[in-house]
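Taken in order, these protein sequences are the chains called A and B.
For the first sequence, this note's numbering assigns the number 2 to the initial residue and increments by one for each residue that follows.
For the second sequence, this note's numbering assigns the number 93 to the initial residue and increments by one for each residue that follows.
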Amino acid sequence: MRLTALLAMAARVKVPPDYRYGTSRPWTVGAQRMNPPGKKRRKVFVEPIQPEDWSLFKGDTVEVLAGKDSGKQGKISQVIRARNWVILEGLNTHYRYIGKSGEYRGTYIASESPLLVREVALVDPSDRKPTQVEWRFTEEGERVRVSLRSGRILPKPVVQRRDGIVPEQWKDGPKDTSPDDALEKTYSASLKTFEEEIAGATGVVETRAGRRTFWY
Amino acid sequence: NNMGTSLAQQCRALHTSQWRRGLEAFFDETPNWGEPTVKSGAPWTAKQLRTKSSEDLHKLWYVLLKEKNMLLTVEQEAKRQRVQMPSPERLTKFIIKGSLFQIERSMKRLDTIVQERENALRLLQTGQERGRPGTWRKDFFGRTFWYRFKEYPIPWYLNRRYKRKRFFTLKYVDSFIRRRIESHLHNTILKKKADLENKRKLQEKFSKLSATT
Chain A
2 MRLTALLAMA ARVKVPPDYR YGTSRPWTVG AQRMNPPGKK RRKVFVEPIQ
52 PEDWSLFKGD TVEVLAGKDS GKQGKISQVI RARNWVILEG LNTHYRYIGK
102 SGEYRGTYIA SESPLLVREV ALVDPSDRKP TQVEWRFTEE GERVRVSLRS
152 GRILPKPVVQ RRDGIVPEQW KDGPKDTSPD DALEKTYSAS LKTFEEEIAG
202 ATGVVETRAG RRTFWY
Chain B
93 NNMGTSLAQQ CRALHTSQWR RGLEAFFDET PNWGEPTVKS GAPWTAKQLR
143 TKSSEDLHKL WYVLLKEKNM LLTVEQEAKR QRVQMPSPER LTKFIIKGSL
193 FQIERSMKRL DTIVQERENA LRLLQTGQER GRPGTWRKDF FGRTFWYRFK
243 EYPIPWYLNR RYKRKRFFTL KYVDSFIRRR IESHLHNTIL KKKADLENKR
293 KLQEKFSKLS ATT
């Protein structure tokens, strides 16, 4: 990772309650330039959606219902909950120059702009048409998204971890604890404090009585 | 391979015997020297730690401590050599949620679990909610706060520094207290009004939306 990006992310960024979230995440350099600590911007009203009702995840295929690319289907590449935004890969783009310096005008790239959740709809995999989705429970008790038109379950998309690790293919290193050892239960409830248990296990017998102290 | 030319390596060429006993724990394993990334597993979760006995937790604490010392040594050496530390996420986790060390995170969780067990035992045996005694007191400015007791070898009437502390309020502070209360009430009302206004605006904007769709 680049050192500058590392340093930018290292300090936990505290955002004020009236922070205006943009397409750059708050710890990036661009966002810190746009929203320096003292800046106050006009409040933007975001439709309150309960966390349990949120049904769009990164990697889902959705169809755009409004805007320039309406009718097209795309994959979600980023979700920004604070503004109810989803950013789709390659859709709803505008063009700009990036990496401008001196006389060089920079590279001309297409950058996606975010869409509100109300402007997109999840695509039913059975007929590949946009549907409304509800959260329901299966027979096993699992909470799943169900398409209201066809009743088909929409599974949560499998996204690769940011560090590129695939849990199924993981091989333990010399310092890693094996799954069996990590999950093994050795705790037995007792009326001894932590210190007393350690003293008992290591055979430490404390015969000294502490001097009299005062608490105030 | 900058690590390989460190002072320890140079000394090793001179002394043909083993490293000084114990100091090798401060350094990573030899195959990992000079690697740009070192893979490491996930930190311990609180759920996994809760199933462990006190002896296991005690031993794990020291294992984690030694690993932390090793990583800090690596970090310091990287700073000295002016290169990037290999796999800094072992020490620092770059996720939105927090920037605690991956190792330190495990240690903090361990500490939390030991505290939980102590709290439970104390509540059961004595009914005391807090491990450390304390009381509500008023400071010189009329503010009420939770004063946590400290342990001293001498009683309070012999402690000159303690006697200089003033846990009382004089009469001339009354008007300031009154003003503080007024300001607090005013702020509460302002916050309530702002909340209502916010709710009204949201209603106006988004129920209109749902009415049209």
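Here a beta-carbon is modelled for each residue, glycine too, at the ideal position from N, C-alpha and C.
(1) Examine chain A for any beta-carbon lying closer than 7 Å to the beta-carbon of B/Trp-248, and answer yes or no.
(2) Given 8 Å as the limit, is there contact between the segment 168 to 176 of chain A and the segment 188 to 198 of chain A, that is, 3 or more CB pairs closer than that?
(3) Any contact between the segment 95 to 104 of chain A and the segment 128 to 137 of chain A? By contact I mean 3 or more CB pairs, one from each, below 8 Å.
(4) Tell me which residues of the segment 240 to 273 of chain B have at least one Cβ-Cβ distance to chain A shorter than 9 Å, keeping chain order.
(5) With which residues is B/Asp-287 paired in a DSSP beta bridge?
(6) In chain A, which residues lie with their C-beta within 7 Å of the C-beta of B/Ser-146?
(7) Here's a check: name, in chain order, each residue in its chain whose Cβ is nearer than 8 Å to the Cβ of A/Ile-166, leaving out the five neighbours to either side.
(8) Which residue from B/Trp-136, B/Glu-210 and B/Gly-114 puts its Cα closest to that of A/Lys-220?
(9) Out of A/Leu-117, A/Glu-53, A/Ala-32 and A/Lys-59, which one is the CA nearest neighbour of A/Ser-71?
(10) If we ignore side chains and look at the alpha-carbon of each, how far apart do B/Gly-226 and B/Gly-219 end up?
(11) Name, going along the chain, the residues of the segment 35 to 68 of chain A whose beta-carbon falls closer than 9 Å to a beta-carbon of chain B.
(12) Could you please give the first and the last residue of the uninterrupted alpha helix (DSSP H) stretch that includes B/Arg-209?
(13) Just the Cα atoms here: how many angstroms apart are B/Glu-289 and B/Ile-273?
(14) Verify whether the separation of the beta carbon atoms of A/Lys-59 and A/Val-65 is less than 7 Å.
(15) Which residue marks the beginning of the beta strand (DSSP E) containing A/Phe-195, and which one marks its end?
(16) How is the beta strand (DSSP E) around A/Arg-137 delimited, first residue to last?
(17) Tell me which residues share the same chain as A/Pro-27 and place their Cβ nearer than 6 Å to its Cβ, disregarding the 5 neighbours each side in the sequence.
(18) Can you give me the start and stop residues for the beta strand (DSSP E) that A/Ala-122 sits inside?
(19) Taking Cβ-Cβ distances below 8 Å as the criterion, which residues of the segment 114 to 147 of chain B are in contact with chain A?
(20) Return the CA-CA distance between B/Ile-187 and A/Pro-38, expressed in angstroms with no decimal places.
(21) In chain order, what residues of the same chain lie with their CB nearer than 6 Å to the CB of B/Ala-117, ignoring the 5 residues before and after it?
(22) Could you tell me the alpha carbon to alpha carbon distance between B/Glu-147 and B/Gly-114, rounded to whole angstroms?
(23) Output the residue ranges of the alpha helix (DSSP H) runs that lie fully inside the segment 4 to 60 of chain A and measure 4 residues or longer, sorted by chain position.
Concretely, from the data shown:
(1) True, the Cβ-Cβ gap to chain A drops below 7 Å.
(2) Too few Cβ pairs lie closer than 8 Å, so no.
(3) In short, these stretches do not touch, since the Cβ pair count stays below three.
(4) From the segment 240 to 273 of chain B, only Phe-241, Lys-242, Glu-243, Tyr-244, Pro-245, Ile-246, Pro-247, Trp-248, Asn-251 and Tyr-254 have a Cβ closer than 9 Å to chain A.
(5) In the DSSP assignment, no residue is bridged to B/Asp-287.
(6) Residues of chain A with a Cβ closer than 7 Å to the Cβ of B/Ser-146 are, in chain order, Phe-195, Glu-198 and Ile-199.
(7) Excluding positions up to five away in sequence, the list is empty.
(8) Any answer about residue 220 of chain A is impossible in this case: the structure gives chain A only from 2 up to 217.
(9) Minimum Cα distance to A/Ser-71 is reached at A/Leu-117.
(10) As the crow flies, the alpha-carbon of B/Gly-226 is around 15 Å from that of B/Gly-219.
(11) Contacts with chain B (Cβ-Cβ distance below 9 Å) from the segment 35 to 68 of chain A involve Lys-44, Phe-46, Val-47, Glu-48 and Pro-49, listed in chain order.
(12) For B/Arg-209, the uninterrupted alpha helix (DSSP H) run begins and ends at 194 to 217, by DSSP.
(13) Each residue's alpha carbon lies about 24 Å from the other.
(14) Inclusion of A/Lys-59 and A/Val-65 in the CB contact set at 7 Å is not warranted, their separation being larger than that value.
(15) Here A/Phe-195 belongs to no beta strand (DSSP E); instead the alpha helix (DSSP H) covers 195 to 203.
(16) Counted as a single uninterrupted DSSP element, the beta strand (DSSP E) harbouring A/Arg-137 occupies residues 134 to 138.
(17) So the qualifying residues of the chain are Val-14 and Val-16.
(18) 121 to 125 is the span of the beta strand (DSSP E), which, as asked, contains A/Ala-122.
(19) Answer set for the segment 114 to 147 of chain B: Glu-121, Lys-131, Ser-132, Gly-133, Trp-136, Gln-140, Arg-142, Thr-143, Lys-144, Ser-145, Ser-146 and Glu-147.
(20) Confidence in B/Ile-187 is poor, its pLDDT being 31 and thus under 50, which makes the residue's placement unreliable; the coordinate value appears in the next sentence. Inter-residue distance for B/Ile-187 and A/Pro-38 is about 21 Å (C-alpha atoms, whole angstroms).
(21) Hits under 6 Å: Lys-158.
(22) Cα to Cα, the separation comes out at about 23 Å.
(23) Taking 4 residues as the shortest admissible run, the segment 4 to 60 of chain A contains the following complete alpha helix (DSSP H) segments, listed from N- to C-terminal end: 4 to 11 and 30 to 35.
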